[in-house]
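Input: a single structure, listed below in structure tokens.
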Amino acid sequence: MSDVAGRKPERFTELLEFDPSVIAFKRNEQSPLDADVIIIDEASMIDILLANSLVKAVPRGSELILVGDVDQLPSVGQGTVLKDLIASGSVPVARLNQVFRQAAESLIVQNAHRINQGEFPRLVTPADRRAIVTSSKPKVPMRWSNWWSNSFQAAFPKASDTIQDAIFRC
Numbered sequence: 172m173s174d175v176a177g178r179k180p181e182r183f184t185e186l187l188e189f190d191p192s193v194i195a196f197k198r199n200e201q202s203p204l205d206a207d208v209i210i211i212d213e214a215s216m217i218d219i220l221l222a223n224s225l226v227k228a229v230p231r232g233s234e235l236i237l238v239g240d241v242d243q244l245p246s247v248g249q250g251t252v253l254k255d256l257i258a259s260g261s262v263p264v265a266r267l268n269q270v271f272r273q274a275a276e277s278l279i280v281q282n283a284h285r286i287n288q289g290e291f292p293r294l295v296t297p298a299d300r301r302a303i304v305t306s307s308k309p310k311v312p313m314r315w316s317n318w319w320s321n322s323f324q325a326a327f328p329k330a331s332d333t334i335q336d337a338i339f340r341c
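Just so we're aligned: the sequence shown equals residues 172 to 341 in our numbering.
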């Protein structure tokens, strides 16, 4: 995004000028951002509190463009702002149907589609059909082994079709 815009991206705290002494943003309806167009990338990560602060800081007559993927991780805080805005039908939406970061035949793309359809991801070769966990701390592989045995296989019974075995070692 920064290559196209020709500007270095800013974090929300920088853009809205977070003031830790009062635990608030300096940019708001009384002191709006100085911009005609504001583009926010990774908008699926915006929670309701950040969205509220951002909208208050957008000056009247300015454009706010949210760019994001509703299938990516949601915000850590409360709310699924981007997903809810799209579902509301109250804002114009453009969807990209072509993936530009990975080749279409990439396992990342294929497995992302599988996960979105509720299917378990696939691995390519028998050599890839293993999960290997290593650590210099002895308790880590043991914890992974317990998690694998007690939680993962129960939650994903189809995993045995994809991952044949797991190796846990120090």
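Glycine included, each C-beta is placed from N, C-alpha and C at the ideal position.
In this text, all values refer to a predicted model and were calculated from it rather than measured experimentally.
About 15 Å separates the beta carbon of Val-241 from that of Ile-219, a gap too long to meet the 8 Å contact definition. Looking at the backbone, the Cα of Ser-259 and that of Asp-174 are separated by about 31 Å. Of the candidates Arg-266, Asp-207 and Ala-283, the residue whose Cα lies closest to the Cα of Leu-244 is Ala-283. In terms of Cβ geometry, Gly-239 and Glu-200 do not form a close pair [threshold 8 Å]. Secondary structure note for Ile-217: it is in no alpha helix (DSSP H), with a DSSP letter that is neither H nor E. Assignment of Ala-265 by DSSP, reduced to helix, strand and coil, places it in the coil class.
In the displayed model, Asp-255 falls within a helix according to three-state DSSP.
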